[in-house]
Amino acid sequence: MPPEIPRFARDKLKKILFLVTDAYGGHGGIALFNREFCAALEGVEITVIPRVVRGLVQDPPPHVHFVAEAAEGPVAYLRAVAAARRAKPDLVICGHVNLLPLAFGRPLLVVHGIEAWKRRRLPLSRCSAVLSVSALTRDRFTGWSGFDGPTFVLPNAVHLDHYGIRPKREDFIARYRLEGKRVLLTVGRLEAAERSKGFDEMLEVLPDLPEDVVYMIAGGGNDAPRLQLRARELGVASRVVFTGLFADEEKQDLYNLADAYVMPSRGEGFGFVFLEAMACGVPAIGSKLDGGREALLDGKLGMLVDPTNRAEIRAAILETLERGERRIPEGLEYFSFENFADRANAVIQALTSNRVATSSV
Amino acid sequence: MFAYRSGAIGREELEAITARMIPRGPDAGGTWVSPDGRVGLGSRRLAIIDLSDEGTQPMWDVAGELVIVFNGEIYNYAELRASLERGGARFHSHSDTEVLLALYRRDGARMTDLLRGMFAFAIWDTRTRRMFVARDPYGIKPLYLADDGATIRIASEVKALLAGGKVPAAVDPAAAAGFFLMGSVPEPFTIRRDVRAIEPGTSFFIDDGRGIVDERRFFSIAEIFRDAKEDLLVDAAVFVRERVEESVAHHLVSDVPVGVFLSAGIDSSAIAQLAARRTPLHTFTLSFAEFSEAPLAERFARELGTTQTTRTVARDEFLADLPRFFERMDQPTIDGVNTWFISKAVHEAGIKVALSGVGGDELLGGYPSFTNIPRMVRFPRLARAAGALRRHPKARLIAEYGRTYAGAYLLQRGLFLPGELPSILGEEVAREGLERLQPLSIIERTLAPDPETPFGRVAAMEASLYMRNQLLRDADWASMAHSVEVRTPLVDAYLLRQLAHMLPQQRDKSALAANLPGYLRDRPKTGFFVPMKEWLDLPEDGTSTRMRSWARRVWESLSRA
């Protein structure tokens, strides 16, 4: 366990403004990170202004003021930002590089993944500091931007008590025809514009794996037709299961169907799904070329492969299936919410100490 | 050695072959002959990982069923070992050599797909009476074979195979033609007709009674470029730096201190910079009275905080070393002098391992050929006119050769041209040599399957021809002559696979140069220059460097039996 980190002085910092793409009522890793970050800063008044509210709005905690109406359109968003500016927040946090032009003062910029890996024009000189979900994203961001201010790494959190090892659900086994099969799983959006989850690599490895191994792709997206065609070309269509979009409450049971969670990806800023899989006791195989490496604590929690080398992917899968072990890996608590909250508070502590200028000019 | 038909191998021959390689491995050595006398293995060792006697070769696995001789380094051996141990494998040493044995036991021939490093090895499997032989993807480590129909002999040097006295010394006319065309003998030919180079990125078995079977290609540069997925998720320059840094980190795996060859060029400077972040480093720079980049290199070394050695070489030392230089030169080459002296300096400092920036130009498109060849193929008439204006001797040949990538490459890299060979070698040898060599088809083979982009094509040719036959081969013999192992972080199959999709977009050195000081970054590219002309009083030959005269001198010396 890390040493206890003192919570920052609440009296020095009372109001935070947090500009986000989405948070409550949002799907995906960035929305989740934003909600967890707010939760961790309990005791401070946080105004959260979202660009998008997709689904049902989860109830924000009492210390969070969620300006849902800002998501109605660009004008509504600008109006909400202007109102927030008049309230003179003590700290502005910009939750996405796309929102940086709208942020004022000396914001703390949060970077997640591919949105921050490529060169683009940004008013970075105004940023007081950068917070990244992984050292990889931090380095790729500072690599092209030359940002030389303070940086912090705050990896995603997983609520270990929300997950656990469960038996494979019989109705799911029937639904996906998994009787007597060993299941490899990847969860993620099938995005034609990105193709970075490693689905192609997995399909290419599949012919070289034992016949009883099937590959389950859990998620919706516009790349599904191409991947289905690819599976047919490779002669493995009968061994690939596409779940399509799935309901959130089915997620845990999907993870628990898997004998290995495999994602030989190239575009993960961190790879929160690894934490979920491992919290369900599913052994994980991640990538050496993206943030998956950090989600697996550099190989301590799961195996790492180079996604450009099919033989490495295959060898890791065979070894994992051979072991056939379901357990929650020792050391996963590194990513517990408690540790996340301590780290988040330490970041704010460092920002409010005199070392970093964050106040409005 | 494997007498795969019948009979027995010659023990004295095995000893003689092994003894020839003592400078490669002065630390230890050994030979082993099977009880029936059919199989013999010999090895000389330069101890770098696991310095104990447990690392000595020929090495057996714990079960006493597999025995190996191995030349090279496996940079990911610790990761492979951990995986093998989880699967129940047991080890008696801490060496990478033993990991190869366990990996062979688990994966058979497929083991090579998981190796990151440079290697040439043979494993004798007593269970199946088969020998497994493999050479690394790029051919960083040499491996030669002579098969007389009854016995197969394999070694790291052509001269070692001949040292046993059983392999005929007849010179191959194809090697003669190839050497004068390209400046080195192109694989699979060697200077000796009865010896061939084992193709890089391939493996095979030698079966009792049958000879070579089950040949398998496990790596192809052309294929990697063809299959590269087009996506740019990351800033290309940032990604190149990140991946090169990771490759350098892998290449620092060692139980002894590591040095770096430091010129004032971008590749070696970047490698020194990345390596110096991770380990105390000794940097080495070569300097001649006639040509020196030492002041810049020394300044950079000071800034990096490395222990810097600048080694000055003058004419007298060169002339004194020349007999031994030719004696250790395994096959004729017009290069190798710089590696010879820098390795000598490394050895003098008591260092056994040095990183080199070789391969940076092939990886990142640093040669003019990356522009010239595609242009010549697209606009042959324009190229011909431009050449004629400059009264270039090759201009009239552009019509003949300039229409294909292979032809344009031969023009670009040619030392002599096919039409000039008879005057050097005589009509008969030149004709037979060219017929056996088929220079264009040798070049074309490096382009199958088609890498599809102009960059990919030139990169595949440069890496499979100039780099393999000249740069890597010279780096090997000229360093091993001084018991120094050269490591090449920019010549790495993993690195190529990771970068292949973005190289056509990031085809310059800016990615590596970005973090270097301005005095290194902003200077024009200069080739490394050895003042051979001044040292040897080479006769006029139509080139400014007198390389053609030097080539004749090398050939005279090396083609003698």
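Those sequence lines, one after another, are chains A and B. All residue numbers in the first sequence are consecutive under this note's numbering, ending with 361. All residue numbers in the second sequence are consecutive under this note's numbering, ending with 922. Quick reminder that beta carbons are idealized off the backbone N, C-alpha and C, glycines included. Bear in mind that the values here come from a model prediction, so they are computed numbers and not experimental data.
Pair within 7 Å by beta-carbon distance, residue 873 of chain B and residue 631 of chain B: Position 512 of the second sequence, counted from the first residue, corresponds to residue 873 of chain B. Position 270 of the second sequence, counted from the first residue, corresponds to residue 631 of chain B. Yes, they are a contact pair.
At least one CB of chain B closer than 7 Å to the CB of residue 311 of chain A: is that the case? If you number the first sequence from 1, residue 311 of chain A lands on position 311. Yes, residue 311 of chain A lies at the interface with chain B (some Cβ there is under 7 Å from its Cβ).
Going along the chain, which residues of its own chain have a beta-carbon closer than 7 Å to the beta-carbon of residue 490 of chain B, five neighbours each way excluded? Within the second sequence, the letter at position 129 stands for residue 490 of chain B. Hits under 7 Å: 569.
Since residue 216 of chain A sits in a beta bridge, which residues does DSSP pair it with? Counting from one through the first sequence, the residue named residue 216 of chain A turns up at place 216. The partner list for residue 216 of chain A (beta bridge, DSSP) reads A:185, A:241.
Drop a sphere of 10 angstroms on the beta-carbon of residue 383 of chain B, count the other beta-carbons inside from all chains shown, and report buried for 16 or more, exposed for fewer. Here residue 383 of chain B corresponds to residue number 22 of the second sequence, with the count starting at 1. Under this definition residue 383 of chain B is an exposed residue.
What in chain A is Cβ-close to residue 867 of chain B, meaning under 9 Å? In the second sequence, residue 867 of chain B corresponds to position 506, counting from 1. Near residue 867 of chain B there are no residues of chain A at all, since even the closest Cβ is about 12 Å away, more than 9 Å.
So, does the CB of residue 685 of chain B fall closer than 7 Å to a CB anywhere in chain A? Working through the second sequence from its first residue, we reach residue 685 of chain B at position 324. No, residue 685 of chain B lies away from the interface with chain A (no Cβ there is under 7 Å from its Cβ).
Measuring straight from C-alpha to C-alpha, what distance separates residue 723 of chain B and residue 362 of chain B? Along the second sequence, one-based indexing puts residue 723 of chain B at 362. Along the second sequence, one-based indexing puts residue 362 of chain B at 1. Cα to Cα, residue 723 of chain B sits roughly 35 Å from residue 362 of chain B.
Which runs of the beta strand (DSSP E), 3 residues or longer, sit entirely within the stretch 381-411 of chain B? 389-394, 401-406
Provide the residue span of the alpha helix (DSSP H) that contains residue 656 of chain B, from first to last. Looking up residue 656 of chain B in the second sequence gives position 295. Where residue 656 of chain B is concerned, the enclosing alpha helix (DSSP H) stretches over 655-665.
So, for residue 510 of chain B: in the same chain, excluding its five sequence neighbours on each side, which residues have a beta-carbon less than 6 Å away from its beta-carbon? Indexing the second sequence from 1 puts residue 510 of chain B at position 149. For residue 510 of chain B, where only same-chain residues beyond five positions count, there are no Cβ hits under 6 Å.
Would you decide whether residue 502 of chain B is buried or exposed? Buried here means 16 or more other CB atoms lie within 10 Å of its CB. Counting from one through the second sequence, the residue named residue 502 of chain B turns up at place 141. Counting Cβ neighbours within 10 Å, residue 502 of chain B comes out buried, since at least 16 surround it.
Give, in chain order, every residue of the stretch 106-138 of chain A whose Cβ lies closer than 8 Å to some Cβ of chain B. 114, 117, 118, 119
Please check the pair residue 533 of chain B and residue 553 of chain B, which I expect to be a contact at CB under 8 Å, by giving their CB distance rounded to whole angstroms. Walking along the second sequence from the start, residue 533 of chain B turns up at place 172. Walking along the second sequence from the start, residue 553 of chain B turns up at place 192. Residue 533 of chain B to residue 553 of chain B, Cβ: 6 Å. Contact.
Per DSSP, which residues does residue 846 of chain B bridge with? Please list them. Within the second sequence, the letter at position 485 stands for residue 846 of chain B. Answer by DSSP bridge pairing, in chain order: B:714.
Would you grab the beta carbon distance between residue 155 of chain A and residue 337 of chain A for me? Rounded to a whole angstrom, and I think it's under 8 Å. Walking along the first sequence from the start, residue 155 of chain A turns up at place 155. Walking along the first sequence from the start, residue 337 of chain A turns up at place 337. 12 Å between Cβ atoms; not a contact.
Any residues in the stretch 224-235 of chain A with a beta carbon nearer than 7 Å to a beta carbon of chain B? Which ones, in chain order? none
With 7 Å set as the bound, which would you pick, yes or no: does the beta-carbon of residue 319 of chain A sit closer than that to a beta-carbon of chain B? In the first sequence, residue 319 of chain A corresponds to position 319, counting from 1. Output row for residue 319 of chain A: interface = yes.
Residues of the stretch 619-641 of chain B with a CB closer than 9 Å to any CB of chain A: list them in chain order, please. none
Counting only Cβ pairs nearer than 8 Å, list the residues of chain B close to residue 196 of chain A. Here residue 196 of chain A is taken as the residue at index 196 of the first sequence, counted from 1. Per Cβ cutoff of 8 Å: 592, 594.
Is there a Cβ from chain B that is less than 7 Å from the Cβ of residue 140 of chain A? The count along the first sequence starts at 1 and reaches residue 140 of chain A at position 140. For residue 140 of chain A, the answer is yes, since a Cβ of chain B falls inside 7 Å of its Cβ.
Would residue 599 of chain B count as contacting chain A if we go by Cβ distances under 7 Å? Sequence index remark: in the second sequence, residue 599 of chain B carries index 238 (1-based). With 7 Å as the cut-off, residue 599 of chain B counts as an interface residue toward chain A.
In chain order, what residues of the stretch 840-866 of chain B put their CB closer than 7 Å to some CB of chain A? 855, 858, 859
Would a check of beta-carbon distances place residue 474 of chain B closer than 7 Å to chain A? In the second sequence, counting from the first residue as 1, residue 474 of chain B sits at position 113. So yes, residue 474 of chain B belongs to the interface.
Closest to residue 31 of chain A by C-alpha separation, out of A:75, A:203, A:48, would be which residue? Here residue 31 of chain A corresponds to residue number 31 of the first sequence, with the count starting at 1. The option with the nearest alpha carbon to residue 31 of chain A is A:48.
Starting from residue 129 of chain A, trace the beta strand (DSSP E) both ways and give me its first and last residue. Looking up residue 129 of chain A in the first sequence gives position 129. Looking at the DSSP string, the run of the beta strand (DSSP E) that includes residue 129 of chain A is 129-132.
In three-state terms, what does DSSP make of residue 359 of chain A? Translated into positions along the first sequence, residue 359 of chain A becomes position 359. For residue 359 of chain A, the predicted model reports a pLDDT of 46, less than 50, meaning its position is unreliable and no value from the coordinates is stated.
So that I know if they touch, is there some Cβ in chain B lying closer than 7 Å to that of residue 308 of chain A? In the first sequence, the residue the question calls residue 308 of chain A occupies position 308. By this cut-off, residue 308 of chain A is an interface position.
Mind listing the chain A neighbours of residue 564 of chain B? Cutoff is C-beta to C-beta under 7 Å, in chain order. Position 203 of the second sequence, counting from 1, holds the residue named residue 564 of chain B. In chain order: nothing, as chain A lies at least about 13 Å away.
Short CB-CB distance (under 7 Å) between residue 315 of chain A and chain B: The residue you call residue 315 of chain A lines up with position 315 of the first sequence. At least one chain B Cβ lies under 7 Å of residue 315 of chain A.
If we cut at 7 Å on Cβ distances, does residue 444 of chain B have a partner in chain A? Looking up residue 444 of chain B in the second sequence gives position 83. Answer yes: the Cβ-Cβ gap between residue 444 of chain B and chain A drops below 7 Å somewhere.
Starting from the Cα of residue 191 of chain A, find the closest Cα among A:282, A:332, A:221 and give me that residue. Within the first sequence, numbered from 1, the residue matching residue 191 of chain A stands at position 191. The candidate whose alpha carbon is nearest that of residue 191 of chain A is A:221.
Got a sec? Which residues, its chain only, sit under 7 Å from residue 610 of chain B by beta carbon, not counting five neighbours each side? Start at 1 with the first residue of the second sequence, and residue 610 of chain B comes out as number 249. Correct list, in chain order: 639.
Quick one: list the residues of chain B neighbouring residue 13 of chain A, beta-carbon separation under 8 Å, in chain order. In the first sequence, residue 13 of chain A corresponds to position 13, counting from 1. Residues of chain B passing the Cβ test: none, with the nearest at roughly 34 Å.
For residue 4 of chain A, I'd like the list of residues in its chain whose CB is within less than 7 Å of its CB, leaving aside the five on either flank, ordered along the chain. For the purposes of this step, residue 4 of chain A is taken as the residue at position 4 of the first sequence. Bear in mind that a pLDDT of 41 at residue 4 of chain A, under 50, signals an unreliable position, so the number given afterwards is only what the model happens to contain. Same-chain partners within the cutoff: there are none.
Top-ranked residue by Cα proximity to residue 362 of chain A, from A:174, A:201, A:96, A:183: Shown here, chain A extends from 1 to 361; a query on residue 362 of chain A therefore has no answer.
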